[in-house]
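Colleague: Residue numbers (UniProt numbering): 1 to 368. In this text, a Cβ means the ideal position worked out from N, Cα and C, and glycines have one as well. Predicted model only: the values in this text are computed from it and were never measured.
1) Counting along the chain, where does the beta strand (DSSP E) carrying residue 244 start and finish?
2) Go through its chain and collect everything with a Cβ distance to residue 262's Cβ below 6 Å, but skip five positions before and after it.
3) For residue 253, I'd like the list of residues in its chain whose CB is within less than 8 Å of its CB, leaving aside the five on either flank, ordered along the chain.
4) Taking the Cβ atom as the reference point for each residue, do residue 335 and residue 127 lie within a distance shorter than 7 Å?
5) Could you have a look at residue 103 and say whether DSSP puts it in helix, strand or coil?
6) Would you mind working out which of 168, 47, 109 and 56 sits nearest residue 138, comparing C-alpha positions?
7) Please report the Cβ distance between residue 98 and residue 43, rounded to the nearest whole angstrom; I am assuming they are in contact, meaning their Cβ atoms lie under 8 Å.
8) Taking all protein chains shown into account, decide if residue 176 is buried (16 or more other Cβ within 10 angstroms of its Cβ) or exposed.
9) Please state if the CB of residue 71 and the CB of residue 178 are separated by a distance shorter than 7 Å.
10) On a Cα-Cα basis, can you pick out the residue from 204, 141 and 250 that is closest to residue 192?
11) Should residue 134 be counted as a contact of the ligand HEM given a C-beta to heavy atom distance under 6 Å?
12) Which one of 141, 243 and 199 has the shortest CA to CA distance from residue 385?
13) Below 8 Å, can you find three or more Cβ-Cβ pairs linking the region 50-62 to the region 71-91?
14) So the beta strand (DSSP E) residue 15 belongs to, where does it begin and stop?
15) Just the Cα atoms here: how many angstroms apart are residue 115 and residue 146?
16) Quick one: residues in its chain with C-beta nearer than 6 Å to the C-beta of residue 64, no 5 flanking neighbours on either side, listed in chain order?
17) Consult DSSP for residue 349 and reduce its assignment to one of helix, strand or coil.
18) By the DSSP assignment, the alpha helix (DSSP H) with residue 320 in it spans what residues?
19) Are the Cβ atoms of residue 129 and residue 333 separated by less than 7 Å?
20) Where does residue 111 land, buried or exposed, given buried means 16+ other C-beta within 10 angstroms?
21) Roughly how many angstroms separate the alpha carbons of residue 209 and residue 223, rounded to a whole number?
22) Would you say residue 317 and residue 311 are within 7 Å of each other, going by their C-beta atoms?
23) Give me the Cβ distance between residue 369 and residue 153, rounded to the nearest whole Å; I'm assuming they're in contact under 8 Å.
24) Specify the secondary structure class of residue 272 as computed by DSSP and reduced to three states.
25) Which residues in the same chain have their Cβ closer than 7 Å to the Cβ of residue 241, if we skip the five residues on either side of it in sequence?
26) From residue 229 to residue 313, what does the alpha carbon distance come to, in whole angstroms?
27) Excluding the 5 residues preceding and the 5 following residue 206 in the sequence, name in chain order all residues of the same chain whose CB lies nearer than 7 Å to its CB.
28) State the CB to CB distance for the pair residue 158 and residue 329, rounded to an integer number of angstroms; the pair is presumed to be in contact (CB under 8 Å).
29) Go ahead and pull the three-state DSSP assignment for residue 20.
30) In or out: residue 82 buried (at least 16 other Cβ within 10 Å) or exposed?
31) What do you reckon, are the CB atoms on residue 38 and residue 134 nearer than 7 Å?
32) Throw me the rounded Cβ distance for the residue 162 and residue 296 pair, which I believe falls under 8 Å.
33) Between 119, 255 and 66, which lies nearest to residue 88 when the distance is taken from Cα to Cα?
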């Protein structure tokens, strides 16, 4: 694919941008990734390419070269909504927030520069989601014409190391649950090769079936919704590249998987990407044990944050995360639109959710 190069002379004479290159050259991308202290796995080229492969979207990532010598990289994928119209996302569901990378970290003026530039895009809508640690920066840099919606997430602060996290941030009830799990005869496996992905996905389907029995949805409908919401191809794509270092955890009791967890670690950020546990075996507290092991590993890896993700307004799930010491933060979903596509999408989602709402409300321990 030929790179698009836009010289600053085609822009306003006082523009801080010297050049824009799209798609972003991978070597430049990797250099900016290494120079941004807030970078996460969601912003790596390997993650981006996995998302592109699964969704079939086109790479329209952008490298910005500024006049003061800084470099910015925007991970961005383009999908066709209709033959003549496109939607740009950084990144599409379920691949997390692509955000923006910048030399020495993102500044409000970087956000303003990039989102203002996206206002000239031919896409009907462009969505850029930013992690909790740069949410205020994005809000401060939001240009006229762009909108931002806060997304509630739960994040555990790992400062002080695991001994501090365990003693001061884990609730006594969570520590008690972990100790019970350690005495329950569970077998825990951890893999980075993708070997456990089939078993993890079967656990996800079993988790879905449990909730289907209580939701009143027909089994075929619930199963189809589950496979569409979390396709096996997503997990296969993310466990393939060794650069992503995907960690799949599986807890089994008497040979039967009862809880699973997928985590990623990059720089300061550890991510609980997906997590499921069977209600039938909740007395084993297997999910508590897996989270404890993953959090301890993240501390050993030097991470500052363990991101437990969104909870979809499920109070029981939020309470579980808070028992581990996580506190509510927010990510931001920024949009630049020529037409209010997000309103149409919300209407479509509300219509579709009437069938899935019962299943979603029964959602258990998932790091979505």
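Modeller: In this structure, then:
1) For the purposes of this step, residue 244 is identified with residue 244 of the chain shown, where counting begins at 1. Run containing residue 244: none; DSSP gives neither H nor E here.
2) Translated into positions along the chain shown, residue 262 becomes position 262. These residues qualify, in order along the chain: 248, 273 and 274.
3) Start at 1 with the first residue of the chain shown, and residue 253 comes out as number 253. Closer than 8 Å at the Cβ level, and outside the excluded window around residue 253, lie 184, 185, 186, 187, 281, 284 and 286.
4) Looking up residue 335 in the chain shown gives position 335. Looking up residue 127 in the chain shown gives position 127. Against a cut-off of 7 Å, the Cβ pair of residue 127 and residue 335 comes out as a contact.
5) On the chain shown, residue 103 is found 103 positions in, with the first residue counted as 1. Coil.
6) One-based indexing of the chain shown puts residue 138 at position 138. Ranking the options by Cα distance to residue 138, first place goes to 109.
7) The sequence position of residue 98 within the chain shown is 98, counting from 1. The sequence position of residue 43 within the chain shown is 43, counting from 1. With a Cβ gap of about 6 Å, residue 98 and residue 43 count as contacting.
8) Numbered from 1 along the chain shown, position 176 holds the residue referred to as residue 176. Residue environment: residue 176 is assigned as exposed (fewer than 16 neighbouring CB atoms within 10 Å of its CB, all protein chains considered).
9) Within the chain shown, numbered from 1, the residue matching residue 178 stands at position 178. Within the chain shown, numbered from 1, the residue matching residue 71 stands at position 71. In this structure, residue 71 does not lie closer than 7 Å to residue 178 by Cβ.
10) By 1-based counting over the chain shown, the position of residue 192 is 192. Residue 192 has its Cα closest to that of 250, out of 204, 141 and 250.
11) Only the bare structure without any ligand can be found here, which leaves the ligand HEM out of the picture.
12) The first residue shown for the chain is 1 and the last is 368, placing residue 385 beyond what the model contains.
13) yes
14) For the purposes of this step, residue 15 is taken as residue 15 along the chain shown, with counting starting at 1. Neither: residue 15 is in no beta strand (DSSP E) and is coded neither H nor E.
15) Within the chain shown, residue 115 is the residue found at index 115, counting from 1. Within the chain shown, residue 146 is the residue found at index 146, counting from 1. So the alpha carbons of these two residues sit roughly 7 Å apart.
16) Position 64 of the chain shown, counted from the start, is the residue given in the question as residue 64. 17, 20 and 72, listed in sequence order.
17) Numbered from 1 along the chain shown, position 349 holds the residue referred to as residue 349. Its pLDDT being 44, under 50, residue 349 is placed unreliably by the model, and the measurement read from it follows with that caveat. Looking at residue 349 - three-state DSSP - the assignment turns out to be helix.
18) If you number the chain shown from 1, residue 320 lands on position 320. Counting along the chain, the alpha helix (DSSP H) containing residue 320 begins and ends at 315-323.
19) Here residue 129 refers to the residue found at position 129 of the chain shown. Here residue 333 refers to the residue found at position 333 of the chain shown. Going by C-beta atoms, residue 129 is nearer than 7 Å to residue 333.
20) By one-based count along the chain shown, residue 111 stands at place 111. Sixteen is the threshold: when 16 or more other Cβ atoms of the shown chains lie within 10 Å of the Cβ of residue 111, as they do, the residue is buried.
21) On the chain shown, residue 209 is found 209 positions in, with the first residue counted as 1. On the chain shown, residue 223 is found 223 positions in, with the first residue counted as 1. C-alpha separation (whole angstroms): 7 Å.
22) By 1-based counting over the chain shown, the position of residue 317 is 317. By 1-based counting over the chain shown, the position of residue 311 is 311. It is a contact, given that the beta carbons lie within the stated cut-off.
23) Residue 369 is absent from the model: the chain starts at 1 and stops at 368.
24) Translated into the one-based positions of the chain shown, residue 272 becomes position 272. Note: residue 272 maps to strand in three-state DSSP.
25) Reading the chain shown from its first residue, position 241 is the one you call residue 241. Within the same chain, residue 241 has close Cβ partners 46 and 50.
26) As a working note, residue 229 is residue 229 in the chain shown. As a working note, residue 313 is residue 313 in the chain shown. Distance between the alpha carbons of residue 229 and residue 313: 18 Å.
27) For this step, residue 206 is matched to residue 206 along the chain shown. Excluding five sequence positions before and after residue 206, the CB atoms of its chain that fall closer than 7 Å to its own CB belong to 278, given in chain order.
28) Along the chain shown, read from residue 1 onward, the residue named residue 158 stands at position 158. Along the chain shown, read from residue 1 onward, the residue named residue 329 stands at position 329. Rounded, the Cβ-Cβ distance is 14 Å, inconsistent with contact.
29) As a working note, residue 20 is residue 20 in the chain shown. If DSSP states are grouped into helix, strand and coil, residue 20 belongs with the strands.
30) Reading the chain shown from its first residue, position 82 is the one you call residue 82. Counting Cβ neighbours within 10 Å, residue 82 comes out exposed, since fewer than 16 surround it.
31) If you number the chain shown from 1, residue 38 lands on position 38. If you number the chain shown from 1, residue 134 lands on position 134. Yes; because the gap between Cβ atoms is below 7 Å, this pair is in contact.
32) Locating residue 162 in the chain shown gives position 162, counting from the first residue. Locating residue 296 in the chain shown gives position 296, counting from the first residue. Confirmed, Cβ separation roughly 5 Å.
33) As a first step, residue 88 must be located in the chain shown, where it is residue number 88. Nearest C-alpha to residue 88: 119.
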